[in-house]
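Residue numbers (our numbering): 2 to 235. Contents: one structure, followed by commentary.
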């Protein structure tokens, strides 16, 4: 499991997160919601080790990883698919996927994992020799998720996976997220599509101005008047 315990994170002298606390249990999908600038990406960057916390701690699978380097967290099975996809545009689809399995553990199971990824995203099979930068936005998002899966995650962090995608592609991406979770992978979903995110999630946390303002089951948060008014426009 993952536990974030009262973390503070700052950019220089500007404090972004204040005593943020939440957790993800085995086999859960958990949503982290909030408006632009609320601190969502800062939070997942702290979870991944890209940003250091100035106070509080991060635990993963019972171990304190607060000062563990990002690549070591990947080795432990904590993998982030960043906002904006961040694929390697000049590398082929296959080369991008292989980059996700460069560590010894995932590399030893590369072919098995590749088969699973291509079963989730059949379009990538026909694009294997194509440069990543020539793919459509939806295909690039599939490639980014596929590359993350090649690292054999125990926890997969998805930062805005539906951003800029057509509704039909969004539905496909969310369907794949459910399938990944069905394989036992914990999911931390950072998403502005609040309705679909909470419908898919067992639990959710709402981040406002760097603090956790609300938490509860996905169903309860969907029915919450504040969430309906601020995030669903109802």
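Heads up, the beta-carbon is just placed ideally off N, CA and C, and yes, glycines get one too.
DSSP assignment within the stretch 112 to 191 yields the following whole beta strand (DSSP E) runs of 3 residues or more, N-terminal first: 156 to 160 and 187 to 191. Taken through DSSP and simplified to helix, strand or coil, residue 74 comes out as helix. For residue 58, the beta-bridge partners assigned by DSSP are 6. The beta carbons of residue 219 and residue 196 sit about 10 angstroms from each other, so the pair does not count as a contact at 8 angstroms. Per the Cβ contact rule, the stretch 62 to 78 is not in contact with the stretch 117 to 126 (fewer than 3 Cβ pairs under 8 angstroms). Taking all protein chains in view, the Cβ of residue 163 is crowded by 16 or more other Cβ atoms within 10 Å, so the residue is classified as buried.
Considering only 189, 147, 182 and 140, the residue with the shortest C-alpha distance to residue 160 is 189. C-alpha of residue 55 to C-alpha of residue 222: approximately 30 angstroms in a straight line. Contact check for residue 114 against residue 102 passes: the beta carbons are separated by less than 9 angstroms. Look at the stretch 12 to 50 and you find these whole runs of beta strand (DSSP E), each 3 residues long or longer: 15 to 25 and 30 to 34. DSSP places residue 109 outside any beta strand (DSSP E); the residue lies instead in the alpha helix (DSSP H), whose first and last residues are 105 to 109. As computed with DSSP, residue 65 is found in a beta bridge with 60.
With 16 or more neighbouring CB atoms inside 10 Å of its own CB, residue 232 falls in the buried class. Residue environment: residue 42 is assigned as buried (16 or more neighbouring CB atoms within 10 Å of its CB, all protein chains considered).
Here residue 154 is buried, its C-beta having at least 16 other C-beta atoms within 10 Å. Around the beta carbon of residue 107, 16 or more other beta carbons sit within 10 angstroms, so the residue counts as buried. By DSSP's assignment, residue 208 forms a beta bridge with 213. About 4 angstroms separates the CB atoms of residue 4 and residue 60; that is less than 8 angstroms, so the two are in contact. If you draw a 10 Å sphere on the C-beta of residue 176, you find fewer than 16 other C-beta atoms in it, and that means exposed.
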